[in-house]
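Reading through the structure tokens given below for one structure.
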Amino acid sequence: MKKVIMGNHALSFGAMLGRTQVIAAYPITPQTQVVELLSEMCADGSLKAKFIKVESEHSAMAACIGASVAGARTFTATSAQGLALMHEMIHWASGGRHPVVLGNINRAMAPGWSIWADQNDSLSERDTGWMQFYCSSNQEVLDTTLQAFKVSEALYIPSMVILDAFALSHTYEVVDVPDQDKVDEFLPPFKPYARIDPATPRAFNGLTGPENYMELRYKLQKDMERVPDLVESTGREYEKMFGRYLGAVDPYRCEDAETILVTSGTAGYTAHVAVEEMRKEGRPVGNLRIRMFRPFPFALVRDILAPAKKIAVVDRNISYGHHGMFAQEVKSAIYGRNGGAPVFGFIAGLGGRDITPVSFREMVEYTAAHDRPEEDILWIGVKR
Amino acid sequence: MSQEKKMKLSLPVEEYVGPGNLACQGCGANLALRYTLKALGPKTVLCIPACCWAVIDGPFPHSCLSVSIYHCAFETAASTATGVKAGLDMVGETEMNVVSWAGDGGTLDIGIQALSGAAERNDDIIYVCYDNEAYMNTGIQRSSGTPKGAWTTTTPVKFPKEQPKKDIDAIMAAHRIPYQATASIAYPEDLYRKMVKAKSIKGTRFFHIFAPCPTGWKSRPEDAVKLARMAVQNGLFPVYEIEHGEKFTLNIKLQNKKPVDDYLKLQGRFRHLKPADIQALQAEVDREWERVLKKARGC
Numbered sequence: 003m004k005k006v007i008m009g010n011h012a013l014s015f016g017a018m019l020g021r022t023q024v025i026a027a028y029p030i031t032p033q034t035q036v037v038e039l040l041s042e043m044c045a046d047g048s049l050k051a052k053f054i055k056v057e058s059e060h061s062a063m064a065a066c067i068g069a070s071v072a073g074a075r076t077f078t079a080t081s082a083q084g085l086a087l088m089h090e091m092i093h094w095a096s097g098g099r100h101p102v103v104l105g106n107i108n109r110a111m112a113p114g115w116s117i118w119a120d121q122n123d124s125l126s127e128r129d130t131g132w133m134q135f136y137c138s139s140n141q142e143v144l145d146t147t148l149q150a151f152k153v154s155e156a157l158y159i160p161s162m163v164i165l166d167a168f169a170l171s172h173t174y175e176v177v178d179v180p181d182q183d184k185v186d187e188f189l190p191p192f193k194p195y196a197r198i199d200p201a202t203p204r205a206f207n208g209l210t211g212p213e214n215y216m217e218l219r220y221k222l223q224k225d226m227e228r229v230p231d232l233v234e235s236t237g238r239e240y241e242k243m244f245g246r247y248l249g250a251v252d253p254y255r256c257e258d259a260e261t262i263l264v265t266s267g268t269a270g271y272t273a274h275v276a277v278e279e280m281r282k283e284g285r286p287v288g289n290l291r292i293r294m295f296r297p298f299p300f301a302l303v304r305d306i307l308a309p310a311k312k313i314a315v316v317d318r319n320i321s322y323g324h325h326g327m328f329a330q331e332v333k334s335a336i337y338g339r340n341g342g343a344p345v346f347g348f349i350a351g352l353g354g355r356d357i358t359p360v361s362f363r364e365m366v367e368y369t370a371a372h373d374r375p376e377e378d379i380l381w382i383g384v385k386r
Numbered sequence: 014m015s016q017e018k019k020m021k022l023s024l025p026v027e028e029y030v031g032p033g034n035l036a037c038q039g040c041g042a043n044l045a046l047r048y049t050l051k052a053l054g055p056k057t058v059l060c061i062p063a064c065c066w067a068v069i070d071g072p073f074p075h076s077c078l079s080v081s082i083y084h085c086a087f088e089t090a091a092s093t094a095t096g097v098k099a100g101l102d103m104v105g106e107t108e109m110n111v112v113s114w115a116g117d118g119g120t121l122d123i124g125i126q127a128l129s130g131a132a133e134r135n136d137d138i139i140y141v142c143y144d145n146e147a148y149m150n151t152g153i154q155r156s157s158g159t160p161k162g163a164w165t166t167t168t169p170v171k172f173p174k175e176q177p178k179k180d181i182d183a184i185m186a187a188h189r190i191p192y193q194a195t196a197s198i199a200y201p202e203d204l205y206r207k208m209v210k211a212k213s214i215k216g217t218r219f220f221h222i223f224a225p226c227p228t229g230w231k232s233r234p235e236d237a238v239k240l241a242r243m244a245v246q247n248g249l250f251p252v253y254e255i256e257h258g259e260k261f262t263l264n265i266k267l268q269n270k271k272p273v274d275d276y277l278k279l280q281g282r283f284r285h286l287k288p289a290d291i292q293a294l295q296a297e298v299d300r301e302w303e304r305v306l307k308k309a310r311g312c
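If you're matching them up, the sequences are chains A and B in order. For the first sequence, this note's numbering assigns the number 3 to the initial residue and increments by one for each residue that follows. For the second sequence, this note's numbering assigns the number 14 to the initial residue and increments by one for each residue that follows.
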């Protein structure tokens with residue numbers, strides 16, 4: 003059924019259709035509508051779940067982990083400061099192999115206080131062993147949530163479904179909300195191989211010495227390496243059932259592009275529009291929107307970027323003292339390949355500053371005018 | 014007919030804590046869990062944060078317990094248990110006792126926010142704080158459960174702890190939870206009875222168990238139970254239960270309250286105290302004991 007819903011509610015519908023059994027969450031702007039709608043759904047019985055209204059995000063993730071090890075499908079949502087407060091438990095969820103699904107609304111980190119979009123909150127969690135999916139439409143948010151449950155539970159790796167503050171979280175779009183029967187067919191109940199069970203007592207997460215710890219981490223990485231294929235096959239299965247395909251990346255007119263923009267989130271959608279316009283003017287540009295940041299889809303990115311003479315990466319984030327984080331990954335992906343195409347690292351839109359089609363035009367024009375970037379970071383629209 | 018005398022066991026013979034675990038000699042925390050599990054039985058899961066018991070149980074892949082345990086983060090004993098309970102309910106395992114098993118640091122200090130949250134929501138868990146009065150697992154650093162005057166590695170003899178022990182029981186009573194109790198390893202039948210009672214109650218149940226630590230208290234291992242008994246009999250650790258934050262019952266009444274002097278002298282952590290210090294501590298214990306008696310009288 004088609005509904006006009008906000009991005010936050012697309013997360014709620016995803017959690018509901020996925021038959022989440024335990025939700026533990028704490029309110030934070032701009033995430034609140036996610037949990038408000040879920041509490042309504044729990045109250046009116048349309049979602050048969052326990053909703054634990056915890057006293058902090060740290061407890062939210064701890065409770066999700068507890069529920070997951072008890073054998074329940076779990077969901078939470080947060081943003082920025084809340085995700086940062088969770089950080090210890092973010093490691094715990096992946097280290098303990100608990101397939102929690104978390105909706106994160108990308109919001110800039112304080113101070114100064116900001117409630118507007120950038121990616122530094124979720125990208126600060128990039129090394130924690132979670133999958134990360136960046137969305138650019140409300141439909142994608144809902145579809146990604148359902149696929150995240152499936153992939154997470156297959157590999158015991160938790161997932162973040164990520165959307166930009168306000169640009170997506172509070173924007174209303176038409177969303178095809180799938181039928182519950184079909185979702186049930188796509189996503190069967192969670193049946194973990196080990197859980198808290200009175201018939202089989204187990205000790206989880208005991209002290210792990212140097213003789214064993216490294217193997218646990220090796221296994222997590224090996225399972226991470228299985229993600230790209232599983233995301234692809236899950237995306238294709240979803241496409242067969244629901245008519246919509248989502249992969250690790252979303253390339254647009256990259257095959258014959260001389261300059262390829264590399265984008266993510268809602269900026270990736272805007273870039274798509276900008277590329278459409280510039281193509282009409284005969285400019286050979288393309289847009290590679292990266293949906294999955296962890297694990298990073300190295301093989302796909304290498305292949306798609308292969309024809310490019312120049313690569314323009316747009317980061318709505320910064321690793322202070324280094325570059326934008328997508329730029330780092332792209333450089334690392336094409337290292338030693340691609341005939342040494344230069345990577346132009348643009349930083350734009352921090353703290354919710356708009357990234358418009360004009361911004362992309364500016365980047366493409368800079369890239370056309372220079373053989374190589376003049377600086378490691380090319381700032382768009384900054385007041386110096 | 015022979016006049017055979019049969020010894021009556023006051024506790025079940027079933028054991029859920031295995032021998033040969035990593036507890037120090039004379040560990041009070043070891044006895045505390047042993048008695049607790051005799052009351053709760055096999056349908057129990059323990060959520061154990063960083064504390065001595067995170068080590069006592071044994072390293073991966075070993076466990077000395079015959080119930081499930083989930084090792085959780087330091088400040089999450091309560092919140093993890095809340096999640097476990099919700100998850101078990103959703104998968105149809107509604108009969109399990111979900112227990113947070115944490116030390117004084119994990120309860121009075123770093124875990125108090127999550128504990129307060131669970132208590133305010135009246136989550137259906139049993140939270141047990143075994144209190145050995147310092148961060149013993151990390152090497153005897155002071156916690157807010159360390160008593161006034163005590164030496165620890167962060168309150169050296171020249172500057173022992175100045176503040177009295179945090180009154181966690183009053184804090185929990187202010188949450189009006191359905192049941193809470195203090196207990197001591199020196200009185201296992203009392204501990205057992207109250208744990209069985211707690212098992213039949215729904216909602217948040219809180220236990221504060223006094224568990225001497227010979228390693229951290231610089232006392233003899235064979236004195237652990239004796240010290241626990243002395244702390245009850247001199248009024249330092251009153252043993253009582255409270256229902257709904259209001260109905261206060263003193264479980265162990267004292268005919269002749271003993272002086273604290275002998276208790277202090279058996280422990281190296283108090284060795285530096287001068288007679289005047291001990292007098293001052295005695296005065297504080299007497300004052301606190303009067304407050305307990307007032308509560309017991311319902312005023």
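Just so you know, even glycine gets a beta-carbon here, dropped at the ideal spot from N, CA and C.
Go ahead and pull the three-state DSSP assignment for B/C312. coil
Could you confirm whether any beta carbon from chain A is found closer than 7 Å to the beta carbon of B/Y205? Not one chain A Cβ lies under 7 Å of B/Y205.
Note down, in chain order, all residues in the stretch 72-89 of chain B with a beta-carbon under 8 Å from any beta-carbon belonging to chain A. P72, F73, P74, H75, S76, L78, S79, V80, S81, I82, Y83, H84, C85, A86, E88 and T89
Helix, strand or coil: how does DSSP classify A/Q33 here? coil
Span of the alpha helix (DSSP H) around A/F188: In the DSSP assignment, A/F188 falls within the alpha helix (DSSP H) that extends over Q182 to F188.
How about A/I67 and A/H93: do their beta carbons lie closer than 7 Å? No, the Cβ-Cβ distance between A/I67 and A/H93 is not below 7 Å.
Span separating the alpha-carbon of A/S138 from that of A/G9: 10 Å
Would you please state the rounded distance, in angstroms, between the beta carbons of B/G162 and B/L286? I believe it to be under 8 Å. So it is a contact: roughly 6 Å between Cβ atoms.
Which partner residues of A/K55 appear in the DSSP bridge assignment? A/A27
Under the three-state DSSP convention, the category B/N43 falls into: B/N43 falls in the helix class under three-state DSSP.
Indicate whether at least one CB of chain A lies closer than 7 Å to the CB of B/T95. yes
Count the other C-beta atoms from every protein chain shown that fall within 10 angstroms of the C-beta of B/R218, then say buried if there are 16 or more, exposed otherwise. buried
Mark B/N43 as exposed unless 16 or more other C-beta atoms lie within 10 angstroms of its C-beta, in which case mark it buried. buried
What residue from B/F87, B/K98 and B/L101 has the CA that sits closest to B/Q126's CA? B/F87
Could you spell out the range, first to last residue, of the alpha helix (DSSP H) harbouring B/Q280? Counting along the chain, B/Q280 falls outside any alpha helix (DSSP H), and DSSP gives it neither H nor E.
Residues that B/E256 contacts on chain A, provided the C-beta gap is smaller than 9 Å: By Cβ distance, chain A contributes nothing, its closest Cβ being about 24 Å from B/E256, past 9 Å.
Along the beta strand (DSSP E) that carries A/I316, what are the first and last residues, could you check? Just to set this straight, residue 316 of chain A is Val in the shown sequence, not Ile. K312 to D317 is the span of the beta strand (DSSP E), which, as asked, contains A/V316.
Counting C-beta neighbours from all protein chains within 10 Å, is the total for A/R390 16 or more, i.e. buried, or is it exposed? Outside the shown range of chain A, which is 3 to 386, sits residue 390 of chain A, and nothing can be said about it.
Could you give the DSSP three-state label for A/M280: helix, strand or coil? helix
Which residue wins for smallest C-alpha separation from A/S81, given the options A/L39, A/L125, A/L49 and A/R75? A/L125
Residue range of the alpha helix (DSSP H) that includes B/Y143: Careful: B/Y143 lies outside any alpha helix (DSSP H), inside the beta strand (DSSP E) at I139 to D144.
From what residue to what residue does the beta strand (DSSP E) around A/N10 run? Here A/N10 belongs to no beta strand (DSSP E); instead the alpha helix (DSSP H) covers G9 to L19.
Could you spell out the range, first to last residue, of the beta strand (DSSP E) harbouring B/S197? Y192 to S197 is the span of the beta strand (DSSP E), which, as asked, contains B/S197.
With a cut-off of 8 Å on the beta carbons, I'd call B/C312 and B/H221 a contact; round off their distance for me. No, B/C312 and B/H221 are not in contact; Cβ-Cβ is about 23 Å, not under 8 Å.
What residues from chain B crowd round A/S70, counting only those whose CB sits closer than 8 Å? G96 and G100
Alpha carbon to alpha carbon, what distance is there between A/P113 and A/K282? 42 Å
Those residues which DSSP pairs with B/C11 across a bridge: The question about residue 11 of chain B has no answer here: the residues shown for chain B are numbered 14 through 312.
Using 10 angstroms around the beta-carbon of B/R300, count the other beta-carbons present and answer buried if the total reaches 16, otherwise exposed. exposed
Can you pull the chain A residues whose beta carbon is under 7 Å from the beta carbon of B/K56, in chain order? Identification of chain A residues near B/K56 by a Cβ-Cβ cut-off of 7 Å yields P200, ordered along the chain.
Please name the residue in B/V58, B/T49, B/S197 and B/F223 whose C-alpha comes closest to that of B/A211. B/T49
Residue nearest to A/L456 in terms of C-alpha spacing, selected from A/A45, A/L380, A/Y240 and A/E59: Beyond the ends of chain A as shown, which are 3 and 386, falls residue 456 of chain A; an answer cannot be given.
So which residues on chain B does A/V24 lean against when the C-beta distance must stay under 7 Å? G96, A99, G100 and M103
At 8 Å on the CB atoms, spell out the chain A contacts of B/M109, in chain order. I198 and P200
Between B/N145 and B/C77, is the Cβ-Cβ spacing less than 7 Å? no
Chain B residues whose Cβ lies nearer than 7 Å to that of A/M88: Result: empty, since nearest Cβ-Cβ is about 11 Å, beyond 7 Å.
May I have the straight-line CA-CA distance separating B/K239 from B/K278, to the nearest angstrom? 13 Å
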